[in-house]
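full-length UniProt numbering numbers the first residue of the sequence shown as 1 and each following residue consecutively. All C-beta atoms, glycine included, are put in the ideal place defined by N, C-alpha and C.
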Amino acid sequence: SFSEKRISAAMTSALCSCMTSVLTYETYKSVVVRSWPLGIMYRLAQLIIISYFVGYVFLYEKAYQVADTNIESSVTTKVKGFGKLDNAVMDVADYIYPPQGEGTFSIITKIIETDNQFQGRCPEVWNISDMYFPNLDKIEGWCPAEDDKVKMKPMPEFVNFTIYIKNSIRFPLFNVTRGNFNSTKDTKTCKYDKIEDPFCPIFQVDYILNETRQNVTTLADMGGEIGIIIQWRCNLDHDVNFCVPKYSFSQLDAPFQNAKLSKGYNFRFAKYYKTEDGTDYRRLHKAFAIRFDVIVTGTARKFSLIPTVINVITAVTSVGMGTVLCDLILLHCSKRAQYYKEKKYEEVLCHSSSSEPVSKQGDLNDGLAALGLSLPAPPQSPARIKSPHPLPNPPLHPPLPPYRP
C-alpha cells in the first residue's frame with residue numbers, strides 16, 4: 001500500500017543517512033599562512049619541545065636507559081685509636097658501642113658514672129639526706145639516684161680515630177656486584193681525601209667533622225649524629241670498573257641543634273656485680289657519644305630498546321603541540337579568525353563523471369549503487385498521475401453569461 005511504501009522509504013533513507021555519516025572520510029587540508037609572527041611562534045614552540053626532550057629527558061634523565069634502584073648492600077665497620085678519659089686509657093672495647101661493627105655505631109666521648117647502686121627506696125635527688133627531709137617523697141629503684149650534672153671533660157683524642165668501612169653492593173636487575181675499594185689497594189697507609197685519595201676506605205674522624213662543619217668541642221661534650229653517605233651512580237653502558245662510590249657527610253640531627261630538649265646524643269648502660277652475700281649492685285654509665293650512620297644509596301642504568309622507542313615516539317608526537325598552539329591562536333584569537341576557519345575547513349562531496357558536484361541525494365545514490373543497493377522511487381502524488389485519456393485543456397477564462405436586455 002501507499003503508507004507501507006512511505007514507511008519503507010523513510011527507514012531506508014534513515015539507514016542510508018546513518019551509513020553516510022559513519023563512512024565519511026576526513027583528511028587534512030594544508031593551509032599555508034604567510035605570517036612572520038605566527039611562524040616565529042611555531043618554530044620557537046618546536047625548538048622548546050625538542051630542547052626539552054633532548055636536553056632533559058634524554059641527556060639528563062637518561063630516558064633511553066632502564067634503571068635499577070633496588071640496591072642490595074652490606075656494611076661493616078671497624079674503628080681504631082686510643083684515648084684518655086678521666087685518667088683512664090680507653091681503647092676500642094671501651095668507647096665503641098655496639099661492638100659488632102655494623103653500619104651504625106657510636107664513639108663515646110664522655111661518661112658520667114654512678115657507682116654502687118642497690119635496689120631500695122631513696123629520694124629522686126641524689127644529694128638529699130633523710131635526716132634533713134624525712135617526709136620527702138621517695139622512689140623505689142636503684143639507689144642512690146643518678147647525678148648527671150657532674151662536669152667532666154670529654155676525651156680529646158677521638159678526633160684522631162680512624163674508621164674503616166667495607167661496603168659491598170649488588171644490583172639484582174643486572175646482576176652486577178661491586179665493592180667500595182679494589183682488593184689490590186693498600187689500605188694500611190691510605191686515608192680518605194675527596195681530592196687526593198677518593199677511593200680509600202679509611203676515614204679520619206677529624207676529616208669527617210670538618211666536612212660537616214661541626215663545632216668539635218660542643219660535639220664532644222653533648223654528642224651528636226653524623227651521616228656517612230655512600231652513593232653509587234653506575235652507567236653500565238660503560239665499563240663496570242667505572243662504577244665507583246662517592247662519599248659525602250652530613251649532620252643528621254641538625255633540626256634539633258638549637259632545641260631546648262634532646263640536644264646532642266647520649267645513652268645509658270650498666271655493669272652488674274654481686275656482693276659477698278649475693279646482693280646485686282651495679283655501676284651506671286651515662287655515655288655521651290657521636291653516632292655514625294652509614295647510609296648507602298644507588299642507581300644503575302643500562303640501555304634498553306623499549307623505553308627508547310617509547311620516549312622517541314613521545315618526543316615526535318609532542319612536536320605537534322606547536323601546531324595545536326598556533327591553530328588555537330589563528331582560529332580563535334586572531335582578528336580574521338572566521339576567514340581562516342573558512343579556509344581551513346571545507347566540505348567536499350563526491351563528483352560524477354561529468355566532473356560536476358552532485359547533490360547529497362545523488363551522492364547517496366552513488367554510494368548505495370557501489371554497495372549494490374538502491375532507493376525505491378518516491379510515490380507520486382495523485383494530482384501528478386497521468387491519465388490514459390487526457391482531458392482537454394480548460395479555457396483560460398470562464399465563458400461570459402448571455403446578454404439579456
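- Closest in C-alpha terms to Asp239, from the list Arg301, Phe267 and Ile208, comes Arg301.
- In this structure the segment 96-114 does not touch the segment 168-184; the number of beta carbon pairs closer than 8 angstroms is below three.
- Within the segment 248-296, complete beta strand (DSSP E) segments of at least 3 residues are found at 266-274, given in chain order.
- When C-beta atoms of the segment 192-208 are compared with those of the segment 157-174, three or more pairs fall below 8 angstroms, so the two segments count as touching.
- Bridge pairing for Gly120: Gly141 [DSSP].
- Listed as beta-bridge partners of Pro245 by DSSP are Trp232.
- Taking a contact as a CB-CB distance under 8 angstroms, the pair Lys263 and Met222 counts as one, their CB atoms being some 6 angstroms apart.
- With a cutoff of 8 angstroms on beta-carbon distance, Lys341 and Val31 are scored as not near each other.
- With respect to Tyr247, Ile226 sits apart: the two C-beta atoms are not nearer than 8 angstroms.
- Fully enclosed alpha helix (DSSP H) runs of no fewer than 4 residues occupy 92-95 of the segment 49-107, in order along the chain.
- For the pair Asp148 and Lys286, the CB atoms are nearer than the 8 angstroms cut-off.
- Distance from the CA atom of Phe288 to the CA atom of Thr212, rounded to whole angstroms, is 19 angstroms.
- In the three-state reduction of the DSSP assignment, Ser30 falls in the coil class, being assigned neither a helical nor a strand state.
- When Cβ pairs closer than 8 angstroms are counted between the two stretches, the segment 71-79 is seen not to touch the segment 316-332, the count staying below three.
- Within the model, the alpha-carbon separation for Pro245 versus Lys138 is close to 56 angstroms.
- In the three-state DSSP reduction, Tyr164 falls in the strand class (E or B).
- When secondary structure is reduced to three states using DSSP, Arg43 falls in the helix class.
- Here the C-alpha atom of Pro99 lies approximately 20 angstroms from the C-alpha atom of Ala220.
- Residue pairing for Val176: DSSP places it in a beta bridge opposite Phe171.
- For Arg213, the secondary structure class from DSSP, reduced to helix, strand or coil, is coil.
- Contact annotation, Val205 with Phe158: C-beta distance approximately 6 angstroms; criterion of less than 8 angstroms satisfied.
- Our two residues, Lys110 and Lys153, have alpha carbons roughly 7 angstroms apart in a direct line.
- Per the C-alpha coordinates, the member of Asn70, Phe118 and Cys122 positioned closest to Thr177 is Asn70.
- Linking Phe118 to Glu124 through their CA atoms gives a straight-line distance of about 14 angstroms.
- Met11 is classed as exposed because its beta carbon has fewer than 16 other beta carbons within 10 Å across all chains shown.
- Per the DSSP secondary-structure output, Glu113 pairs in a beta bridge with His285.
- Bounds of the beta strand (DSSP E) holding Ile202 are Ile202 to Gln204.
- Between Phe292 and Ile195 a beta carbon distance of about 22 angstroms is seen, past the 8 angstroms cut, so the two are scored as non-contacting.
- Following the DSSP letters along the chain, one finds Pro156 in no alpha helix (DSSP H), marked with neither H nor E.
- Per DSSP, the continuous alpha helix (DSSP H) segment holding Lys344 begins and ends at Ala337 to Lys344.
- Counting other Cβ atoms within 10 Å of its Cβ, Gly224 reaches 16 or more and is therefore classed as buried.
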